[in-house]
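K.L.:
Dropping a structure here in structure tokens format, bear with me for questions.
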Amino acid sequence: LMTGILATEKANPLVAGLKDGLLMAQIKAIVVTLLLSVVATAVIGYIVKAITGLRPSEEVETSGLDLAEHGEEGYHG
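Numbering (our numbering), first residue to last: -12 to 64.
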């Protein structure tokens, strides 16, 4: 982002200023990247939720996830 802010037309004649030049292109790229990341994460979350679920059953949670996942009790309890 700082490249767009610090860019000068002396160093690069293709820079058309802050609004139309490098800075706006970088801001647009950041927004697109954030949107793509959020949407992709949500889609992956819904797929995982549909296939395996995101939470263990209450019984497994009560008995302890260490016991269910690893076959051993955590914290010597």
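Just so you know, even glycine gets a beta-carbon here, dropped at the ideal spot from N, CA and C. Since we're looking at a predicted model, the values are computed, not measured.
Quick one: what does DSSP say S50 is sitting in, helix, strand or coil?
P.N.:
One-based indexing of the sequence shown puts residue 50 at position 63. S50: helix per DSSP, three-state reduction.
K.L.:
If we count the other Cβ atoms within 10 Å of its Cβ and call it buried at 16 or more, is L10 buried or exposed?
P.N.:
Stepping through the sequence shown from its first residue, residue 10 is reached at position 23. Buried.
K.L.:
Below 8 Å between beta carbons: does that hold for A37 and V47?
P.N.:
Counting from one through the sequence shown, the residue named residue 37 turns up at place 50. Counting from one through the sequence shown, the residue named residue 47 turns up at place 60. Taking 8 Å as the Cβ cut-off, A37 and V47 do not qualify as a contacting pair.
K.L.:
Please look up how many angstroms separate the CB atoms of D53 and G40, rounded, as I've assumed it's under 8 Å.
P.N.:
Sequence index remark: in the sequence shown, residue 53 carries index 66 (1-based). Sequence index remark: in the sequence shown, residue 40 carries index 53 (1-based). In this structure, D53 and G40 do not form a Cβ contact; the two beta carbons are roughly 19 Å apart against a cut-off of 8 Å.
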